[in-house]
Amino acid sequence: MFGYVTINKEDLTIREYERYHSFYCGLCHTLHKKYGRTGQLTLSYDTTFLCVLLSALYEEPLKVREGRCIVHPLTKHTERYGAVTDYTADMCILLTYYKFLDDWKDDKSRQSRLGADALKKHVDEIAKKYPRQERAVRDNVALLSEMEAKGETNLDLVAGVTGRMLAEIFVYRADEWQDELRYLGFYLGKYVYLMDAYEDLEKDLKKGQYNVWAKERERKDFEALVENTLTMMMSEAARAYERLPIVTDTEILRNILYSGVWLKYRLHRNKLLSEEGKGGAK
Amino acid sequence: MIVDPYKVLGIPDTATDEELKKRYRELSKKYHPDANLGNMEAAEERFKEIQEAYRQITDARERGESGYGRVTPGYTPDRNYSSGYRPGQGAYGGTAYQYQKKPQQEGDRRTYAEYEDPYFGFGDFFTRWQQSQAQNTAGAGASYKTYGSGVEAAAKYIHENRYDEAIRALGAVTLAKRDAYWYFVAAIAHQGAGNNLTAVEFAKRAADMEPGNTKYRDLLRLLQSSGQRYETRGKNYGEVGAGATWCLSMIALNLLCNCC
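Quick note, the sequences are listed as chains E and C, same order.
Sequential numbering from 279 applies to the first sequence in the numbering used here.
Sequential numbering from 682 applies to the second sequence in the numbering used here.
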């Protein structure tokens with residue numbers, strides 16, 4: 279997806295980092311096994327987070343395997359995967375497919391069209407297995423497109439669409455955990471959408487393209503508004519996490535929710551500030 | 682409400698959050714109906730009680746209170762959740778799209794009406810948000826009454842966790858007639874619907890319009906409290922270095938970077 283929901287490596291122990299890495303590699307391995315090279319391209323940190331989260335919540339048995347991968351063929355690494363990883367892999371395909379369709383609709387990008395075509399048959403199977411999630415992704419991608427075309431400026435409303443989409447993805451099964459997971463997914467989705475829009479703001483303004491932050495841009499306290507807004511989203515997501523009775527991999531999950539998600543934001547801010555310092559950008 | 686939730690879980694009220702969670706997991710597994718096929722009904726009863734106890738304790742701890750916290754309504758997860766997702770009716774302009782579910786039986790959920798709570802029990806948004814996700818909006822059947830429009834109608838919808846309808850009811854009030862109380866009720870409705878930014882904005886408006894009103898100040902403080910808790914916890918983590926770039930960080934992580 280967007281890659282914001284990731285770890286802050288500096289604050290993890292080596293062991294915790296390697297464990298996180300093993301989930302990432304396990305997801306990559308599963309995507310490759312089920313969906314080949316194209317499948318692997320749908321891998322992201324955001325879905326890796328989901329994988330770690332659900333694995334910790336359900337505490338289902340995980341296979342552990344030493345493997346090599348195309349990107350780093352010289353070193354062996356550990357892969358961890360289980361039923362939850364299979365589910366997460368399917369969600370990766372779903373999200374990427376609809377993103378491709380949406381991009382193709384917007385920019386007529388040939389790459390997006392090819393990507394979508396390559397994934398279509400898999401999506402059909404996934405849709406049969408997970409109709410609720412597939413409907414959620416399909417409907418919300420369409421709805422978001424509509425809202426953006428209409429120039430909707432209400433932050434809650436627009437971000438809430440991605441929120442609702444992610445909320446359903448986070449609900450693995452219709453069981454006793456679904457509401458907490460839905461809440462977590464919803465607010466994380468809102469965070470991700472708003473963060474992505476914030477990062478693209480300058481570019482969108484230049485190109486005259488839609489951006490949900492455009493209306494607020496001229497405010498003197500714009501930067502404070504952005505940070506406060508993003509914090510409000512993460513705080514709700516974190517709240518939901520704290521309510522879940524998760525006792526495994528809590529350091530990794532908390533690292534992501536309280537620190538890692540801010541990595542790109544801080545880097546983007548540093549970049550803007552240094553450009554300002556050089557008298558550029560603003 | 683359970684009088685002694687700690688007793689239900691069999692732990693002292695000094696148990697750490699981790700001990701609480703571990704115990705809850707243990708008991709959930711033990712009494713999950715799927716694990717008690719020969720005795721499903723009794724197991725289910727106990728399971729619900731355990732869930733309720735856990736939720737109550739979690740709510741109270743979240744509010745920073747010791748003991749049993751404020752009264753919250755019971756929550757029954759809808760195990761009959763079907764994949765009946767479809768976007769709700771209505772245009773934009775403040776309404777949220779909602780999931781549709783099969784109608785629940787009358788009496789499955791206790792409503793706020795049973796509790797003496799001038800704040801509509803707003804101290805527990807989480808449970809209320811959950812319950813609103815279990816709603817079936819108008820047209821699904823006789824289980825749900827309609828209350829028309831206006832602030833009082835909205836309050837009734839809020840009592841039943843029907844936030845989407847509350848927002849619609851509030852929308853019928855003309856701008857000129859929107860007083861502090863309107864903003865107060867609207868803040869609660871929007872928070873319930875997941876529009877947390879709007880909720881804070883409206884709570885601020887209510888508090889500004891009637892500065893002496895402690896109820897409005899309390900709501901604003903409550904809505905902002907999770908942000909504060911989050912920032913406190915966030916302080917445990919280090920700052921990102923000024924010279925770092927995204928791709929360098931990702932290379933350091935040794936991970937596949939799809940962006941460059």
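Here a beta-carbon is modelled for each residue, glycine too, at the ideal position from N, C-alpha and C.
For clarity, every value in this text was computed on a predicted model and none was experimentally measured.
Per-residue contacts from residue i into chain C (C-beta, under 9 Å)
| i | result |
| --- | --- |
| E/R358 | The contacting residues do not exist; E/R358 stays about 15 Å from chain C at best. |
| E/V525 | E699, K702, K703 and R706 |
| E/E553 | Those within 9 Å of E/E553 in chain C number zero; the least Cβ separation is about 13 Å. |
| E/M473 | Within 9 Å Cβ-Cβ: nothing; E/M473 doesn't reach chain C, min ~13 Å. |
Reference residue i; option with closest CA among the options
| i | options | result |
| --- | --- | --- |
| E/I371 | E/R343, E/L392, E/T356 and E/Q318 | E/Q318 |
| C/A724 | C/A734, C/S709 and C/Y735 | C/S709 |
| C/L878 | C/T895, C/G908 and C/Y918 | C/G908 |
| C/E699 | C/P714, C/E730 and C/Y735 | C/Y735 |
| E/H350 | E/L332, E/M443, E/C306 and E/D482 | E/C306 |
| E/D527 | E/W540, E/K398 and E/L332 | E/L332 |
| E/E338 | E/A361, E/W455 and E/E514 | E/A361 |
| E/D289 | E/S552, E/N548 and E/L531 | E/L531 |
| E/L335 | E/L550, E/K542 and E/P523 | E/P523 |
| E/K341 | E/D324, E/Y465 and E/S300 | E/S300 |
| E/D453 | C/P714, C/R910, C/N894 and C/N842 | C/P714 |
| E/H310 | E/H400, E/Y298 and E/L352 | E/H400 |
| E/K407 | E/Q456, E/V539, E/L352 and E/I447 | E/I447 |
| C/L851 | C/E833, C/K896 and C/N720 | C/E833 |
| E/S423 | E/D384, E/K287 and E/R521 | E/D384 |
| C/A741 | C/E722, C/A716, C/G719 and C/P686 | C/P686 |
Beta carbon of residue i nearer than 7 Å to that of residue j
| i | j | result |
| --- | --- | --- |
| E/C329 | E/T363 | yes |
| C/S830 | C/A853 | yes |
| E/A396 | E/L379 | no |
| E/E477 | E/H546 | yes |
| E/I534 | E/I285 | yes |
| E/A437 | E/R460 | no |
| E/T366 | E/T320 | no |
| E/R346 | E/K354 | yes |
| C/I692 | C/E733 | no |
| C/A884 | C/A874 | no |
| E/Y282 | E/M512 | no |
| C/Y705 | C/R727 | no |
| E/L508 | E/W491 | no |
| C/V689 | C/E743 | no |
| E/E529 | E/E296 | no |
| E/Y302 | E/T326 | yes |
| C/A880 | C/I839 | no |
| E/R410 | C/T739 | no |
| E/V525 | C/K826 | no |
| E/Y465 | E/E514 | yes |
8 Å contact criterion, which residue i and residue j should meet: CB distance rounded
| i | j | result |
| --- | --- | --- |
| E/Y536 | E/A518 | In fact, because the Cβ distance is near 13 Å, the residues do not count as touching under 8 Å. |
| C/A887 | C/A847 | About 15 Å; that fails the 8 Å criterion. |
| E/A414 | E/R442 | 7 Å |
| E/K484 | E/T440 | Their Cβ separation, rounded to whole angstroms, is 23 Å, which puts E/K484 and E/T440 out of contact at 8 Å. |
| E/R416 | E/Y376 | 6 Å |
| C/F865 | C/L900 | 6 Å |
| E/D499 | E/N489 | Wrong, their Cβ atoms sit about 18 Å apart, outside the cutoff. |
| E/G304 | E/Y359 | 3 Å |
| E/I404 | E/D368 | 5 Å |
| E/K386 | E/T431 | Actually they do not touch by this definition, with Cβ atoms about 26 Å apart. |
| E/F280 | E/V470 | 5 Å |
Proximal chain E residues relative to residue i, where beta-carbon distance stays under 7 Å
| i | result |
| --- | --- |
| C/L878 | L433, D434, T507 and M510 |
| C/G875 | G438, G441 and F464 |
| C/T739 | R521 |
8 Å Cβ cut-off: residues of chain E touching residue i
| i | result |
| --- | --- |
| C/Y911 | T509, M512, S513, A516, R517 and Y536 |
| C/R914 | A516, R532 and Y536 |
| C/G908 | N506, T509, M510 and S513 |
Contact set between residue i and chain A, taken where Cβ atoms lie within less than 7 Å
| i | result |
| --- | --- |
| E/E480 | Going by chain labels, chain A is absent from the structure shown, which instead holds the protein chains E and C. |
Proximity test, residue i beta-carbon vs the ligand NAP heavy atom, cut-off 6 Å
| i | result |
| --- | --- |
| E/P523 | By its list of ligands, the structure shown contains no ligand whatsoever, and the ligand NAP lies outside what it can speak to. |
What are the uninterrupted segments assigned as beta strand (DSSP E) that are 3 or more residues long and contained completely in the region 327-369 of chain E, given in chain order?
-> Counting only runs of 3+ residues, the beta strand (DSSP E) found wholly inside the region 327-369 of chain E occupies 341-345 and 355-359, in chain order.
Give, in chain order, every unbroken run of the beta strand (DSSP E) that is at least 3 residues long and sits entirely within the region 488-520 of chain E.
-> Runs of the beta strand (DSSP E) inside the region 488-520 of chain E: none found.
List in chain order: all unbroken alpha helix (DSSP H) runs of 4+ residues lying wholly within the region 407-472 of chain E.
-> The alpha helix (DSSP H) runs lying completely inside the region 407-472 of chain E and spanning 4 residues or more are 409-428 and 433-448, given in chain order.
4 or more residues per run - each alpha helix (DSSP H) lying fully within the region 866-909 of chain C = Whole alpha helix (DSSP H) segments, 4+ residues: 877-890.
Contained alpha helix (DSSP H) runs [length at least 4] in the region 371-399 of chain E, N- to C-terminal order = No alpha helix (DSSP H) of 4 residues or more sits fully in the region 371-399 of chain E.
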